[in-house]
Amino acid sequence: MTKLETKGIVKYFKHESHNLMALGGVDLKVEDGDFVCLVGPSGCGKSTFLRIIAGLESPDEGQVVFDGKPVTTTGPERIMVFQEGALFPWLRVQDNVEFGLKMAGIPKEERAQISKRYLDMMQLTKFADSFTYQLSTGMKQRVAIARALVMDPDVLLMDEPFAALDAQTRDLLLVEMQLIWEKTKKTILFVTHNVAEAAVLGTKVAVFSNRPSKIKKLMPVDFKRPRLVEDENLLGLQQEILSELRPEVKKSK
Amino acid sequence: MKKNILAKKIAFFAILIIFWQAISMADIWPNNIFPSPYEVAEDLVYTAADGSLFFGIGTSIMRLAVGLGIAIAGGVVLGIFMARVETVNQTIGSLVLGLQSIPSIAWVPLAILWFGLTDGGIIFVTAIGAVFAVTINTYTGVKNIDPHYVEAARNMGAKGTQLVTNVLIPAAFPYMISGFKQGWAFAWRGVIGAELLFSFLGLGFLLNVGRQLNDVSQVIAIMLVIMMIGMAVDGFIFKKIENKVMSRWGLR
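For the record, the sequence lines run as chains E and V. So the first sequence is residues 1 to 253, counted in this note's numbering. So the second sequence is residues 254 to 505, counted in this note's numbering.
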């Protein structure tokens, strides 16, 4: 079943003197339960594409169709995880995680029950009362993921969430991300510039072309999970992704 | 380290008082023009003993609290509107900058004409002296909010007043607190200044009584009280809040 579809998404980056066409009509179909990794040369607009799906930006042309209906505004069924987490420093970890539930008017006790489940899942229980300045970058991203999962969204939109992490923390979260996906069966769109990350996580990898970008190739990934970054059988796929990506990166320079 | 700083401060003030005592003992000026620290302290004890000092402090603080409270409430609302609605910023915003340049004491004649010689008039002067500093800092704070906070909150379903109370105000709070601090400083000056001219209870009034009685030591004693209250509010209340906010918000 198609969960999410984008039809001919066009977006211009506006500059003073001229407009640059970043997204040149992006068509993408995402099935329910897909884990789609989006890779592309930097500046190709893949993050913007994600923001458009989240309803945080509007496309200049084209539309986003969710569950068969076009959507133009943001909504809690499409939750975004930002690169830097965008956690609220004035709230404790638990209150950060419960933020969306509070906005939805869910009473305190019920919120605590729900958030506890996700705090446990992300191994944050010990840090429930901490403030974000007391957490490492990796911990912050766990909180950001817990905060998104609590909303029980249909689609999780992740914008390079592991880009700022050190390699060890990232590898750990790559494994956890797969477990979360298997457990929750969420539809996930995951933007990354890291080919290995895409190969490890995705059920599909979408390669963006250079500006004005479209999806150049959509590759299915069928390896057994949990996959590890160092898995040798993923190297072939990584090579394949890279060979699609490399000419685009060259063009973008 | 901290002890060291305190020791330096105590030593400095001790030397200052000794110096002051020395000058007054040199008899360059008559004592009723240049009183000794001892006489000033004596006067302080007298006004404290008959209760008039505490009544004065209480009255001034009350007026300050009400005026500053109004200024904070009004300034925060106006500042948020200016930051979020461009038309409000382009219109009212320019007026705010203009009004900010009027010293609070210049509002006194208007306050007397509108409110008479009442508490209301003094509170008006206090509030109007502080409100624009709060407004401008709130505006700057809201303008400087990391847009990801607002996007994340909207994404999670926050809208309207929910967004204001749960995100905009806390996110802008580090700026707002400096606005409150500035506002307090303006309000304190405003309340004392207004009391001098209204001559109607409070510390400013006590200053005026001292002048009318040619009692220089009372004037100096009250000035010292005004200064010490100012230092205490800055050092204990605002510094504590500021430190806490800065570290929690990850700004230090």
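Backbone N, C-alpha and C define an ideal beta-carbon position, used for all residues, glycine too.
Assign residue i to one of three DSSP states: helix, strand, or coil.
i	result
isoleucine 79 (chain E)	strand
serine 277 (chain V)	helix
lysine 261 (chain V)	helix
threonine 300 (chain V)	helix
threonine 187 (chain E)	strand
glycine 8 (chain E)	strand
proline 220 (chain E)	strand
lysine 204 (chain E)	strand
leucine 38 (chain E)	strand
isoleucine 355 (chain V)	coil
serine 213 (chain E)	strand
threonine 2 (chain E)	strand
phenylalanine 307 (chain V)	helix
lysine 412 (chain V)	coil
phenylalanine 162 (chain E)	coil
Could you check the C-alpha separation between residue i and residue j for me, to the nearest Å?
i	j	result
glutamate 70 (chain E)	valine 36 (chain E)	The sequence given here places proline at residue 70 (chain E); glutamate does not occur at that position. One C-alpha to the other measures close to 20 Å.
asparagine 342 (chain V)	glutamate 57 (chain E)	24 Å
glutamate 244 (chain E)	proline 161 (chain E)	23 Å
valine 93 (chain E)	tryptophan 502 (chain V)	13 Å
methionine 480 (chain V)	arginine 337 (chain V)	38 Å
leucine 91 (chain E)	isoleucine 422 (chain V)	13 Å
arginine 227 (chain E)	leucine 201 (chain E)	8 Å
methionine 484 (chain V)	phenylalanine 433 (chain V)	15 Å
methionine 499 (chain V)	lysine 261 (chain V)	27 Å
tryptophan 360 (chain V)	valine 478 (chain V)	25 Å
isoleucine 258 (chain V)	alanine 264 (chain V)	10 Å
isoleucine 215 (chain E)	aspartate 487 (chain V)	59 Å
leucine 460 (chain V)	alanine 128 (chain E)	54 Å
histidine 193 (chain E)	glutamate 495 (chain V)	40 Å
isoleucine 307 (chain V)	arginine 316 (chain V)	According to the sequence provided, residue 307 (chain V) is phenylalanine. The question's isoleucine does not apply to it. Each residue's alpha carbon lies about 14 Å from the other.
lysine 126 (chain E)	glutamate 176 (chain E)	18 Å
threonine 169 (chain E)	tyrosine 428 (chain V)	34 Å
threonine 73 (chain E)	leucine 416 (chain V)	16 Å
proline 290 (chain V)	alanine 440 (chain V)	29 Å
arginine 225 (chain E)	aspartate 67 (chain E)	28 Å
alanine 267 (chain V)	valine 472 (chain V)	21 Å
alanine 86 (chain E)	threonine 48 (chain E)	17 Å
isoleucine 52 (chain E)	valine 64 (chain E)	8 Å
arginine 78 (chain E)	leucine 4 (chain E)	10 Å
Could you spell out the range, first to last residue, of the alpha helix (DSSP H) harbouring residue i?
i	result
asparagine 496 (chain V)	492-501
tyrosine 428 (chain V)	422-451
valine 338 (chain V)	No alpha helix (DSSP H) holds valine 338 (chain V); DSSP gives it neither H nor E.
aspartate 372 (chain V)	372-396
tyrosine 402 (chain V)	400-408
glutamate 248 (chain E)	235-252
valine 361 (chain V)	361-368
isoleucine 286 (chain V)	No alpha helix (DSSP H) contains isoleucine 286 (chain V), which DSSP labels as neither H nor E.
phenylalanine 458 (chain V)	455-465
arginine 142 (chain E)	137-150
On the CB-based measure, 16 or more other CB atoms within 10 Å of its CB, does residue i come out buried or exposed?
i	result
leucine 404 (chain V)	In the sequence on display, residue 404 (chain V) carries glutamate and not leucine. Glutamate 404 (chain V) comes out buried.
valine 298 (chain V)	exposed
serine 354 (chain V)	exposed
glutamate 232 (chain E)	exposed
glycine 394 (chain V)	buried
glutamate 292 (chain V)	buried
glutamate 109 (chain E)	exposed
asparagine 419 (chain V)	buried
threonine 132 (chain E)	buried
asparagine 397 (chain V)	exposed
arginine 246 (chain E)	exposed
glycine 89 (chain E)	Note that residue 89 (chain E) is proline in the sequence shown, not glycine. That one is buried.
aspartate 27 (chain E)	exposed
isoleucine 180 (chain E)	buried
asparagine 467 (chain V)	exposed
serine 136 (chain E)	exposed
arginine 142 (chain E)	buried
leucine 166 (chain E)	Here residue 166 (chain E) turns out to be aspartate, not leucine, going by the sequence shown. Exposed is the call here.
glutamine 238 (chain E)	buried
phenylalanine 223 (chain E)	exposed
Tell me the residue span of the beta strand (DSSP E) that contains residue i.
i	result
proline 283 (chain E)	For chain E, the structure presents residues 1 to 253; residue 283 (chain E) sits outside this window and is missing.
asparagine 19 (chain E)	19-31
valine 478 (chain V)	Per DSSP, valine 478 (chain V) belongs to no beta strand (DSSP E); it is in the alpha helix (DSSP H), 469-485.
aspartate 159 (chain E)	155-159
Measuring only from the beta carbon, is residue i closer than 7 Å to any heavy atom that is part of the ligand SAH?
i	result
proline 362 (chain V)	The ligand content of the structure shown is nil, which means the ligand SAH is not present either.
task = Report the residue ranges of all alpha helix (DSSP H) runs contained in full by the stretch 43-128 of chain E; include only those spanning at least 4 residues, in chain order.
result = 46-54, 93-97, 99-103 and 108-121
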